[in-house]
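Note that the protein sequences, when read in sequence, are chains C and V. 1262 is the number of the first residue of the first sequence in the working numbering; add one for each residue after it. 1262 is the number of the first residue of the second sequence in the working numbering; add one for each residue after it. Glycine is no exception: its CB is placed at the ideal position from the N, C-alpha and C atoms.
There are 2 protein chains.
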Amino acid sequence: MATKKTTIYEIAKIAGVSHTAVSMALNNRPGVSQATRRKILEIASKLNYQPNHIAKTLVTKRSYIVGLIIDNIANPFFPELTKGIEEKANESGYNLLLCNTGQDLEKEKKAIEMFKSKGVDGIILTTVTVDDPHIKPLIEERFPFVCLIRHPLYPYFKNKVDYVVIDNFLGAYKGGKHLYRLGHDRIAVLTGPMNVSTAVGRTQGFKKAFEEQGITLDPSLIKECRYSRSQAYAAAVQLLKLKNRPTAFYTEDDTMAIGVRDAVLEAGLRIPEDIALVGFDNIEMSALTGVDITTIKQRKYEMGVTGVTVLIDKIEKAKPHIVNKAVLEPELIIRKSCGYHPNGYKR
Amino acid sequence: MATKKTTIYEIAKIAGVSHTAVSMALNNRPGVSQATRRKILEIASKLNYQPNHIAKTLVTKRSYIVGLIIDNIANPFFPELTKGIEEKANESGYNLLLCNTGQDLEKEKKAIEMFKSKGVDGIILTTVTVDDPHIKPLIEERFPFVCLIRHPLYPYFKNKVDYVVIDNFLGAYKGGKHLYRLGHDRIAVLTGPMNVSTAVGRTQGFKKAFEEQGITLDPSLIKECRYSRSQAYAAAVQLLKLKNRPTAFYTEDDTMAIGVRDAVLEAGLRIPEDIALVGFDNIEMSALTGVDITTIKQRKYEMGVTGVTVLIDKIEKAKPHIVNKAVLEPELIIRKSCGYHPNGYKR
DNA sequence: TGATGTTACTTTACCGGTAAAGAACATGTC
DNA sequence: GACATGTTCTTTACCGGTAAAGTAACATCA
Chain C
1262 MATKKTTIYE IAKIAGVSHT AVSMALNNRP GVSQATRRKI LEIASKLNYQ
1312 PNHIAKTLVT KRSYIVGLII DNIANPFFPE LTKGIEEKAN ESGYNLLLCN
1362 TGQDLEKEKK AIEMFKSKGV DGIILTTVTV DDPHIKPLIE ERFPFVCLIR
1412 HPLYPYFKNK VDYVVIDNFL GAYKGGKHLY RLGHDRIAVL TGPMNVSTAV
1462 GRTQGFKKAF EEQGITLDPS LIKECRYSRS QAYAAAVQLL KLKNRPTAFY
1512 TEDDTMAIGV RDAVLEAGLR IPEDIALVGF DNIEMSALTG VDITTIKQRK
1562 YEMGVTGVTV LIDKIEKAKP HIVNKAVLEP ELIIRKSCGY HPNGYKR
Chain V
1262 MATKKTTIYE IAKIAGVSHT AVSMALNNRP GVSQATRRKI LEIASKLNYQ
1312 PNHIAKTLVT KRSYIVGLII DNIANPFFPE LTKGIEEKAN ESGYNLLLCN
1362 TGQDLEKEKK AIEMFKSKGV DGIILTTVTV DDPHIKPLIE ERFPFVCLIR
1412 HPLYPYFKNK VDYVVIDNFL GAYKGGKHLY RLGHDRIAVL TGPMNVSTAV
1462 GRTQGFKKAF EEQGITLDPS LIKECRYSRS QAYAAAVQLL KLKNRPTAFY
1512 TEDDTMAIGV RDAVLEAGLR IPEDIALVGF DNIEMSALTG VDITTIKQRK
1562 YEMGVTGVTV LIDKIEKAKP HIVNKAVLEP ELIIRKSCGY HPNGYKR
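Okay, structure coming up:
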């Protein structure tokens, strides 16, 4: 802060009242006459008075700031999510403090501490692992927070954390069923890190679609990666070298699908003629003409909105014992990357 | 905030010293003996003491938070920029408060006021217009801020604002020269909003490449748009209907180029055989195989880093009279969307 | 008519830190 | 032995608000 701003004390002096009267007038609280109130408001606007939120926060314990922890804002999945969060938060009178942790647990811990220290009213977490060690203290302190996209799975957390996620199992099942019906059964599966709930659901759901048909996917074609284009690319390069190479790839995030696409095209193969491809998330890139990746859609903006809504509710209503769980339905978006139109299913 | 956290007063009581002694010990300032200091630190860590930044900020006037105002985080240009900003800020001990204004001046004003009221130490603005009405007060108050990507152009602002931008004129000139040398002179130009500096530079530089060859671009093919895929799409649809349609499109941002690409492909035309295309920014989508848009590269992450660096310098060094201007060099990235390899230039 | 409200304030305390000024005691110096 | 000089703390004030308790003037009512 660079300039000495006008305070309620200066206004009080000019108006000839106490600073408390000014505080009451400015906050539309009873206890001042209409005449005095008007006078105070007039002086305040003449001096271009802006309340000092810092001081207000110190005494009220409410900063009207929420903290958002994300893996990496540069991953195309997050911007739209963040936009939903930011816009809804703003609309509700909150600002957003942002922190990228790059899925580093130590950074996550520091970010949470920093947020609390800086007085945020609540935190949105999009990086939690299945057994995240940092949310137990938050639960115990009854500090308002919401898990978005991912949520912890360990039994301890059951009915203790609020979360907004999609049904990853179902989404993956739909993707798997799609590939199954198109006749694939030799499928490379590039999973996300198995310590996050999305990867767990997206892997189990996909397998389910085949297991219920009595098909077991070749475990040697299942590779755990991070949600990253380059890792998926590297994995795909290896898998494509196999003599008996897969006929399809399923990746648990669209950036990975793009990585696989890079590898496939680079190897001189075609999508979908040689390799079918299914991603997850439905990012903008997947929808481009000429890219056309079949994927499972998450309504990112809406999830962001829902996430803050739940959080702010938690903050303002202070219903400590009501745990909100929102599980949204995913949608299969069929594009050209798997070749056939649904009408043409083989089985 | 949900729980009563431990304060320096509690530590003081347990240690049997004054709270000031605790403050001095925790902040590594002289005035306490080694023995007392050690004792205090021990108690603090045992109680898991976390300083209350709000209180600290109130007295020191330093929040270690910077505000970032952007148009729209969902525009693929911004996430990487934001990442650079956030990571560098974090590294320097600052957090980032985010605000999307959607290029709405009224929202920009509110965001600035909110930021100041919430005590940010400085602001990064990426939405300024050429005659932005909201930065004059910031200049007068000597409130630390930096313009990133865009900067005001009116004479009043000359040597008064710090900024980090690229040489848009030069970048556009390179793009224009490229199209010129490939033989194009009937070119549709989709500009950004002419009240922002990027659009001004990107339009003038592009025209320059032709004017210096004695060629005047057909003004009826020049359309002002917002930096948006859908607006560019709509404009391109119209322009492609012309009997004497353009042979090339130049758009002042890659999302617009994608919009044009949509329109071209939808019209059953080919890129580059029927229509050449040049964008600006080099977003990830443009580089995809099969998309391959020739564009002018901005080093987004680095610009973000440079932006905060300048801002933090401003905040911490408090050199009010030194104005920093960083103008980075843009790079032409030649891809397939214009058809020919540089070796094959016609003129 | 005196007890009781009500209105419109003011006074004081407090939030959790930092900063400046002051005090108690040891040490060094001439 | 008197006095300046450090150390090591403590006391007090302050940042800019909110909240609770107190007060003075006036109205209401049994």
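According to the Cβ coordinates, are residue 1540 (chain C) and residue 1523 (chain C) closer than 7 angstroms?
-> No. Outside cutoff.
Should residue 1340 (chain C) be flagged as near chain V, meaning a C-beta pair shorter than 7 angstroms?
-> Interface residue (Cβ-Cβ distance to chain V less than 7 angstroms): residue 1340 (chain C) is classified as such.
Residue 1503 (chain V) in three-state terms, based on DSSP | Three-state DSSP puts residue 1503 (chain V) in coil, outside helix and strand.
For residue 1371 (chain C), is the beta carbon positioned less than 6 angstroms from some heavy atom of the ligand FAD?
-> Looking for the ligand FAD in the displayed structure turns up nothing, as the structure carries no ligands at all.
Count the other CB atoms, across all protein chains shown, that sit within 10 Å of the CB of residue 1583 (chain V); report buried if there are 16 or more and exposed otherwise.
-> So residue 1583 (chain V) ends up on the exposed side.
Taking residue 1316 (chain V) as the query, report the chain C residues whose CB atoms sit under 7 angstroms from its CB, ordered along the chain.
-> Chain-ordered, the chain C residues with CB closer than 7 angstroms to the CB of residue 1316 (chain V) read 1319.
Presumed contact (8 angstroms Cβ cut-off) between residue 1384 (chain C) and residue 1345 (chain C), rounded CB distance = The Cβ separation is near 16 angstroms, so there is no contact.
Contact set between residue 1529 (chain V) and chain C, taken where Cβ atoms lie within less than 9 angstroms | Those within 9 angstroms of residue 1529 (chain V) in chain C number zero; the least Cβ separation is about 12 angstroms.
Please report the residue range of the beta strand (DSSP E) in which residue 1592 (chain V) lies.
-> Where residue 1592 (chain V) is concerned, the enclosing beta strand (DSSP E) stretches over 1592 to 1594.
Bounding residues of the alpha helix (DSSP H) (the contiguous stretch that carries residue 1534 (chain V)) | Note, residue 1534 (chain V): premise wrong, no alpha helix (DSSP H); not H, not E.
Alpha carbon to alpha carbon, how far is residue 1445 (chain C) from residue 1606 (chain C)? Give it in angstroms, no decimals.
-> Between the alpha carbons of residue 1606 (chain C) and residue 1445 (chain C) lies a distance of about 11 angstroms.
Indicate the three-state DSSP secondary structure (helix, strand or coil) for residue 1351 (chain V) in the structure shown.
-> Correct three-state label for residue 1351 (chain V): helix.
Option nearest residue 1313 (chain C) by Cα separation, candidates C:1270, C:1307, C:1334 = It is C:1270 whose Cα lies nearest to the Cα of residue 1313 (chain C).
Compare the C-alpha of residue 1411 (chain V) against each of V:1565, V:1442, V:1267 and name the closest.
-> For the residues V:1565, V:1442, V:1267, the minimum Cα distance to residue 1411 (chain V) belongs to V:1565.
Among C:1547, C:1490, C:1551, nearest to residue 1521 (chain C) - alpha-carbon criterion | Of the listed residues, the one whose Cα sits closest to residue 1521 (chain C) is C:1490.
Complete runs of the beta strand (DSSP E) confined to the region 1426 to 1453 of chain V [at least 3 residues] = With a minimum length of 3 residues, the continuous beta strand (DSSP E) runs that stay inside the region 1426 to 1453 of chain V are 1448 to 1452.
Kindly list the residues whose CB is nearer than 6 angstroms to the CB of residue 1368 (chain C), restricted to its own chain and excluding five residues on each side of it in sequence; keep chain order.
-> Excluding sequence neighbours, residue 1368 (chain C) sits near 1362.
Proximal residues to residue 1537 (chain C) (C-beta, below 7 angstroms), its chain only, five neighbours per side dropped = Result list for residue 1537 (chain C): 1440, 1443, 1445, 1508, 1509, 1598, 1599, 1600, in chain order.
For residue 1549 (chain C), is the classification buried or exposed, using 16 other Cβ atoms within 10 angstroms of its Cβ as the cut-off for buried?
-> With 16 or more other Cβ atoms within 10 Å, it is buried.
Integer Cβ distance of residue 1282 (chain C) from residue 1301 (chain C), believed to fall under 8 angstroms = Contact between residue 1282 (chain C) and residue 1301 (chain C) holds: CB atoms are separated by about 7 angstroms, below the 8 angstroms threshold.
What are the boundary residues of the beta strand (DSSP E) that includes residue 1587 (chain C)?
-> Annotation: the continuous beta strand (DSSP E) that includes residue 1587 (chain C) extends over 1586 to 1589.
Interface flag, residue 1262 (chain V) vs chain C, CB-CB below 7 angstroms = Because residue 1262 (chain V) sits at a pLDDT of 40, beneath the cut-off of 50, its placement in the model cannot be relied upon, and the point is left open.
Could you check what DSSP says for residue 1328 (chain C) in three-state terms: helix, strand or coil?
-> Correct three-state label for residue 1328 (chain C): strand.
Residue 1337 (chain C): contacting residues in chain V (beta-carbon distance under 8 angstroms) = By Cβ distance, chain V contributes 1337, 1340, 1545.
Residue range of the unbroken alpha helix (DSSP H) whose run includes residue 1472 (chain V) | Run containing residue 1472 (chain V): 1458 to 1472, per the alpha helix (DSSP H) assignment.
If we count the other Cβ atoms within 10 Å of its Cβ and call it buried at 16 or more, is residue 1429 (chain C) buried or exposed?
-> Buried: at least 16 other Cβ atoms inside 10 Å.
Which residues share a DSSP beta bridge with residue 1542 (chain V)?
-> In DSSP, residue 1542 (chain V) forms a bridge with V:1558.
If we cut at 7 angstroms on Cβ distances, does residue 1501 (chain V) have a partner in chain C?
-> Closer than 7 angstroms: no.
State the CB to CB distance for the pair residue 1400 (chain C) and residue 1389 (chain C), rounded to an integer number of angstroms; the pair is presumed to be in contact (CB under 8 angstroms).
-> Distance from residue 1400 (chain C) to residue 1389 (chain C) at the Cβ level is roughly 12 angstroms; contact not present, criterion being Cβ atoms closer than 8 angstroms.
Which two residues bound the contiguous beta strand (DSSP E) that contains residue 1270 (chain C)?
-> Residue range 1269 to 1276 is occupied by the alpha helix (DSSP H) that includes residue 1270 (chain C), with no beta strand (DSSP E) assigned at that position.
Cβ of residue 1269 (chain C) within 7 angstroms of any chain V Cβ | No, its Cβ sits nowhere closer than 7 angstroms to a Cβ of chain V.
Within chain V, partners of residue 1334 (chain C) - CB distance below 9 angstroms = Under the 9 angstroms cutoff, chain V gives 1334, 1339, 1340, 1341, 1343, 1344, 1347.
Looking at C-alpha atoms only, which residue of V:1418, V:1563, V:1276, V:1486 is the closest neighbour of residue 1350 (chain V)?
-> Looking at the Cα atoms, V:1563 is the closest of the given residues.
Chain V contact for residue 1311 (chain C) (CB, 7 angstroms cutoff) = At least one chain V Cβ lies under 7 angstroms of residue 1311 (chain C).
Under three-state DSSP, which class holds residue 1262 (chain V)?
-> Caution is warranted here: a pLDDT of 40 is assigned to residue 1262 (chain V), below 50, making its placement in the model unreliable, and the coordinate value is therefore given only provisionally. Of the three classes helix, strand and coil, the one that applies to residue 1262 (chain V) here is coil, per DSSP.
Where does residue 1590 (chain V) land, buried or exposed, given buried means 16+ other C-beta within 10 angstroms?
-> With fewer than 16 other Cβ atoms within 10 Å, it is exposed.
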